[in-house]
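Enquirer:
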Amino acid sequence: MADTMQFDLVSPERRLASMQVTAVQIPGADGDMTAMPDHAPTITTLRPGVLRVEGPEGTAEYVVTGGFAEISSEGVSVLAERAVSKGDMTQEHLDEMIAEAKAMYTTAKEGFANEPGPVDDAAKLLSDMVAMGDEIGLSSKQPSL
Numbered sequence: 001m002a003d004t005m006q007f008d009l010v011s012p013e014r015r016l017a018s019m020q021v022t023a024v025q026i027p028g029a030d031g032d033m034t035a036m037p038d039h040a041p042t043i044t045t046l047r048p049g050v051l052r053v054e055g056p057e058g059t060a061e062y063v064v065t066g067g068f069a070e071i072s073s074e075g076v077s078v079l080a081e082r083a084v085s086k087g088d089m090t091q092e093h094l095d096e097m098i099a100e101a102k103a104m105y106t107t108a109k110e111g112f113a114n115e116p117g118p119v120d121d122a123a124k125l126l127s128d129m130v131a132m133g134d135e136i137g138l139s140s141k142q143p144s145l
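So in the working numbering, spot 122 of the sequence shown is number 122, and the numbers just go up one at a time.
1) Ordered along the chain, which non-local residues of its own chain (more than five positions away) have a Cβ less than 6 Å from that of Leu-138?
2) Since Glu-100 is in the alpha helix (DSSP H), which residue starts that stretch and which ends it?
3) For Met-132, which residues from the same chain have a beta carbon less than 6 Å from its beta carbon, with the 5 sequence-adjacent residues on both sides left out?
4) What three-state label does DSSP hand Pro-27 in the structure shown?
5) Taking the C-alpha atoms as reference points, what is the distance between Leu-145 and Leu-125?
6) Alpha carbon to alpha carbon, what distance is there between Gly-66 and Tyr-105?
7) Can you tell me where the beta strand (DSSP E) with Gly-55 in it begins and where it stops?
8) Note the first and the last residue of the continuous beta strand (DSSP E) segment covering Ala-193.
9) Could you tell me if Asp-3 is buried or exposed, where buried requires 16 or more neighbouring beta carbons within 10 angstroms of its beta carbon?
10) Can you tell me which of the three DSSP states Met-1 falls into?
11) Determine the burial state of Ile-43: buried for a count of at least 16 other Cβ atoms within 10 Å of its Cβ, exposed for fewer.
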């Protein structure tokens, strides 16, 4: 078994990380998972949360809001809708993310009044954003649904 694997994190704005790592903790839409060298090939969608990377240089954390991760035995590639280094995350960033999620929820409620699926998905996104804020120690101001 190899000691490290390649990790790449890309958002639409830029490449945030490209390094050798020993483990990547991924906030997957179906649950959190950890990828390590020689992992079975997998693709998963991301939910809002904290992506943690462990390697010879230490631990790095990134806030992601969606996208997907492709895992292979050689490495992990994450294409995130939005990604920010946890150290660069501000209350303003979180407020903006929650406002976008709340707007999506309101639009879903108005457009799909008798179809719970899209409304439930939008409510879950908003809930995940609030939970992410709590996890990183920022105030989510608990928006009302």
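C-beta: ideal position from N, C-alpha, C; glycine also.
Expert: Checking against the coordinates, here is how it stands:
1) As a first step, residue 138 is located in the sequence shown; it is residue number 138 there, counting from the start. Answer for Leu-138: Gln-91, Leu-94, listed in chain order.
2) Start at 1 with the first residue of the sequence shown, and residue 100 comes out as number 100. That run of the alpha helix (DSSP H) goes 91 to 111.
3) Locating residue 132 in the sequence shown gives position 132, counting from the first residue. Around Met-132: Pro-48, Gly-49.
4) Translated into the one-based positions of the sequence shown, residue 27 becomes position 27. Pro-27: strand per DSSP, three-state reduction.
5) As a position in the sequence shown, residue 145 is number 145, starting the count at 1. As a position in the sequence shown, residue 125 is number 125, starting the count at 1. Reliability fails at Leu-145, whose pLDDT of 45 lies under 50, so the model's placement of it is uncertain and the value that follows must be treated cautiously. Cα to Cα, the separation comes out at about 12 Å.
6) Along the sequence shown, read from residue 1 onward, the residue named residue 105 stands at position 105. Along the sequence shown, read from residue 1 onward, the residue named residue 66 stands at position 66. Each residue's alpha carbon lies about 16 Å from the other.
7) Working through the sequence shown from its first residue, we reach residue 55 at position 55. From DSSP, the beta strand (DSSP E) with Gly-55 extends over 49 to 55.
8) Residue 193 lies beyond the stretch modelled for the chain, which goes from 1 to 145, so this question has no answer here.
9) The residue you call residue 3 lines up with position 3 of the sequence shown. Asp-3 should be labelled exposed.
10) As a working note, residue 1 is residue 1 in the sequence shown. Note that Met-1 has pLDDT 45, beneath the 50 cutoff, so the model's placement of it is unreliable and the number below is only indicative. Looking at Met-1 - three-state DSSP - the assignment turns out to be coil, as it is neither helix nor strand.
11) Along the sequence shown, one-based indexing puts residue 43 at 43. By the 10 Å Cβ count, Ile-43 comes out exposed.
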